[in-house]
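Engineer:
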Amino acid sequence: MTQNLVIAALRERAPGETRVAVTPETVRKLVGLGAAVAVESGAGTTAGIADADYQAVGARIAPDASAALAGAGIVLGIQGPDPALLAGVAPGAWVVAGLDPFGQRPRVEAYAAAGLEALAMEFMPRITRAQSMDILSSQANLAGYKAVLVAANLYGRAFPMMMTAAGTVSAAKAFVMGVGVAGLQAIATARRLGAQVSATDVRSATKEQILSLGAKPIFVESVAGIEGEGSGGYATEMSPEYQKAQAELVSSHIAKQDIVITTALIPGRAAPRLITDTQIATMRPGSVIYDLAVAQGGNVEGSVADQVVERHGVKIVGYSNTPAHLPADASALFARNLFNFLSAFWDKEQGRPVLDEEIGTAIRLTQGGKIVNQRLLG
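The sequence shown begins at 3 in our numbering and counts up one residue at a time.
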């Protein structure tokens, strides 16, 4: 009789990480596929999930990481586990998580040296059939929402226009820079809170999306940006001419804004600088900037991860791990992404997932003791 594939989920150990890679919902579904699921004790505590909740749907609760990993063929994580934790895992086992391949190259090399097959979920191609597996989108959605809430909390005024017997309170003006998944959710959230919202992006296709959410598009018209969506739905680095024109446009617009949310990222590179100290100085004291790219170097000059910095009377904030501030929902979505991925490739005869070439080539970092992903070899 073939032994069931063991899928292990460990307690996250990165500082500030509150999410967990499996939930009772996804454990139940994985068991339904025929897998045995081992969860390290306490793995779900920070996301509001007790060990008993996992046990109730068929998981084995292991007292420590070593016990959880015993016989594991797949290790699931939010962030890539420390290679030292995986010392007892057999070569060929999968490590499936957000692996930060560019920022954590030594860790990827250690996975290769151990013979593990590391699969980076953030390298999932942005194609229709992989949408439900896309951890970047699911987590960015929550990040855009949370960024606006944090900014609203720091802002010393109301968001919506209020008409009272004592007079009228004007609506806050919010400006979103970068209209990807996080930016769109930031626009929607700021609109729901009653702000007057404007937004900008280098991709022309986002104008229609901005308008559809009831916000005002602010775009450079004198220099061509990116037609359509850009590579993989992401922006790419723009020409010096465009950057100059955008800086001039932002400078004139940002001085009138109360809330600014920046979301611009370029995969594999430092975040582009969107707001300078000089521009911050033009904003009204009491305004708030949330830098969603602070962990990648920041869109905003002077932003510091996990700190509120005040410059020229403007508060600048950015969490290094914004989704971790919504641990229950972020875990639920991330865990579904992982289950959708595993179940899409589940081979009933083999009792395990078998990747196809398109997605396997895109997300596989290591195999057979070597780094094999072209994005890391190029």
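The C-beta atom is built at its ideal place from N, Cα and C for all residues, glycine as well.
Bear in mind that the values here come from a model prediction, so they are computed numbers and not experimental data.
Buried or exposed for N155, going by 16 or more other Cβ atoms inside 10 Å?
Structural biologist: N155 should be labelled exposed.
Engineer: For Q281, which residues of its own chain have a beta-carbon under 7 Å away from its beta-carbon, when the five flanking residues on both sides are left out?
Structural biologist: These residues qualify, in order along the chain: V252, S253, I256.
Engineer: Output the distance between the C-alpha atoms of G60 and A89, rounded to the nearest integer angstrom.
Structural biologist: Cα to Cα, G60 sits roughly 26 Å from A89.
Engineer: Between A330 and E19, is the Cβ-Cβ spacing less than 8 Å?
Structural biologist: No, the pair does not count as a contact, with Cβ atoms beyond the cut-off.
Engineer: Exposed or buried, what is T170 when buried is set at 16 or more other beta-carbons lying within 10 Å of its beta-carbon?
Structural biologist: Classification of T170: exposed, given that the 10 Å Cβ count is below 16.
Engineer: How is S333 classed by DSSP in three states: helix, strand or coil?
Structural biologist: S333 falls in the helix class under three-state DSSP.
Engineer: Between which residues of its own chain and G381 is the CB-CB distance below 7 Å, once the five residues before and five after are set aside?
Structural biologist: Lying outside 3 to 380, the shown extent of the chain, residue 381 is not represented and no answer is given.
Engineer: Quick check: what's the CA-CA separation for A247 versus V222?
Structural biologist: A247 and V222: Cα-Cα distance of roughly 7 Å.
Engineer: Taking the beta carbon of A23 as the centre, do at least 16 other beta carbons fall within 10 Å, making it buried, or is it exposed?
Structural biologist: Buried, because 16 or more other Cβ atoms sit within 10 Å of the Cβ of A23.
Engineer: Measuring alpha carbon to alpha carbon, tell me which of A49, A95, G50 ends up nearest L71.
Structural biologist: Answer by Cα proximity: A95.
Engineer: Would DSSP call T264 helix, strand or coil?
Structural biologist: The answer is strand: DSSP assigns T264 an E or B state.
Engineer: Short of 6 Å in beta carbon distance, which residues of its chain neighbour A192, apart from the five on each side in sequence? Order them along the chain.
Structural biologist: Result list for A192: V150, A176, V199, in chain order.
Engineer: Note the first and the last residue of the continuous beta strand (DSSP E) segment covering G75.
Structural biologist: Its beta strand (DSSP E) spans residues 74-81.
Engineer: Tell me the DSSP bridge mates of D349?
Structural biologist: DSSP output for D349 lists R354 as bridge partner(s).
Engineer: Between the Cα of A45 and the Cα atoms of A337, D293, V296, which residue gives the shortest distance?
Structural biologist: A45 has its Cα closest to that of A337, out of A337, D293, V296.
Engineer: Pull up the distance between the alpha-carbon of K148 and that of T47, whole angstroms please.
Structural biologist: Looking at the two C-alpha atoms, the distance is approximately 21 Å.
Engineer: Report the residue from V302, S333, L328, A332 whose alpha carbon sits nearest the alpha carbon of I318.
Structural biologist: Nearest of V302, S333, L328, A332 to I318, Cα basis: V302.
Engineer: Going by alpha carbons, who is nearest to A142 out of K218, T265, I365?
Structural biologist: It is T265 whose Cα lies nearest to the Cα of A142.
Engineer: How about P127 and A364: are their beta carbons less than 8 Å apart?
Structural biologist: Against a cut-off of 8 Å, the Cβ pair of A364 and P127 comes out as a contact.
Engineer: How would you call K1, buried or exposed, if buried means at least 16 neighbouring beta carbons within 10 angstroms?
Structural biologist: The structure shown has nothing for residue 1, since the chain only spans 3 to 380.
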